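A.B. asks: What follows is a single structure, and I will ask about it in a moment.
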Amino acid sequence: MRILISDDDTNLRNLIRRILQNRGYEVEGVENGQDLIDTLHSSEKFDLLITDNDMPAITGIEAIRRIRADVRHEKLQIILFSGNAEHRPEVRKLGGEFVDKAERLANLLSIVDEINSSLRSTCRLHLV
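When we follow my numbering, the leftmost residue of the sequence shown carries the number 5, and every step to the right adds one.
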């Protein structure tokens with residue numbers, strides 16, 4: 005599974021990237037919402053986006069809105085990983101998950117693994 009992480013906190017972004025890579029995921033990181041959009045448009049397909057909300061250039065919520073408006077990314081799974089829970093309802097309306105940064109990182113990893121299992125099941129169904 006290919007994962008894109010967008011967070012302006014370099015230390016946190018690199019920590020999450022290393023943990024996910026150690027679990028066997030292919031991970032790329034960017035530091036703001038504009039880089040997130042640019043990377044999605046110019047790179048190979050990603051399966052999952054993990055994004056912060058409060059970033060320079062474009063917020064995570066605004067990036068998610070733009071992504072959902074683009075049919076090329078309709079199957080992209082999204083997790084907003086933010087310390088501001090007020091965005092939870094909007095993210096869910098846009099088809100994403102919300103994980104509070106105040107919660108343990110294990111919660112984020114659990115959701116990533118669930119998404120991976122779901123994607124693998126879907127792929128197996130299409131192959132049969």
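Backbone N, C-alpha and C fix where the C-beta goes; we use that ideal spot for every residue, glycine too.
Keep in mind that this is a model prediction, so the values were computed, not measured.
So which of Leu98, Glu101, Asn88 and Ile7 has the shortest CA-CA distance to Ser47?
C.D. replies: Within the sequence shown, the letter at position 43 stands for residue 47. Closest option to Ser47, Cα to Cα, is Ile7.
A.B. asks: Taking buried to mean at least 16 other C-beta atoms within 10 Å of its own C-beta, is Lys49 buried or exposed?
C.D. replies: Here residue 49 refers to the residue found at position 45 when the sequence shown is read from its first residue. Lys49 comes out exposed.
A.B. asks: Distance, Cα to Cα, Ser10 vs Arg124?
C.D. replies: The count along the sequence shown starts at 1 and reaches residue 10 at position 6. The count along the sequence shown starts at 1 and reaches residue 124 at position 120. Spanning the two alpha carbons is a distance of roughly 24 angstroms.
A.B. asks: Starting from Glu48, trace the beta strand (DSSP E) in both directions and tell me its first and last residue.
C.D. replies: Locating residue 48 in the sequence shown gives position 44, counting from the first residue. Element bounds for Glu48: n/a, residue is neither H nor E.
A.B. asks: Are there three or more Cβ pairs, one per stretch, closer than 8 angstroms when the region 111-120 is compared with the region 86-97?
C.D. replies: No contact exists between the region 111-120 and the region 86-97.
A.B. asks: If Thr43 and Glu32 are in contact, beta carbons under 8 angstroms, what's the gap, nearest whole angstrom?
C.D. replies: Mapped onto the sequence shown, residue 43 falls at position 39. Mapped onto the sequence shown, residue 32 falls at position 28. Contact holds; Cβ gap of about 7 angstroms.
A.B. asks: Determine the extent of the beta strand (DSSP E) in which Ile7 is found, giving its start and end residues.
C.D. replies: Mapped onto the sequence shown, residue 7 falls at position 3. Arg6 to Ser10 is the span of the beta strand (DSSP E), which, as asked, contains Ile7.
A.B. asks: Pull up the distance between the alpha-carbon of Asn1 and that of Gln25, whole angstroms please.
C.D. replies: The chain is shown only over 5 to 132; residue 1 falls outside these bounds and no answer can be derived.
A.B. asks: Check whether the Cβ atoms of Gly99 and Leu84 lie closer than 9 angstroms to each other.
C.D. replies: Within the sequence shown, numbered from 1, the residue matching residue 99 stands at position 95. Within the sequence shown, numbered from 1, the residue matching residue 84 stands at position 80. Result no, Cβ atoms of Gly99 and Leu84 do not sit closer than 9 angstroms.
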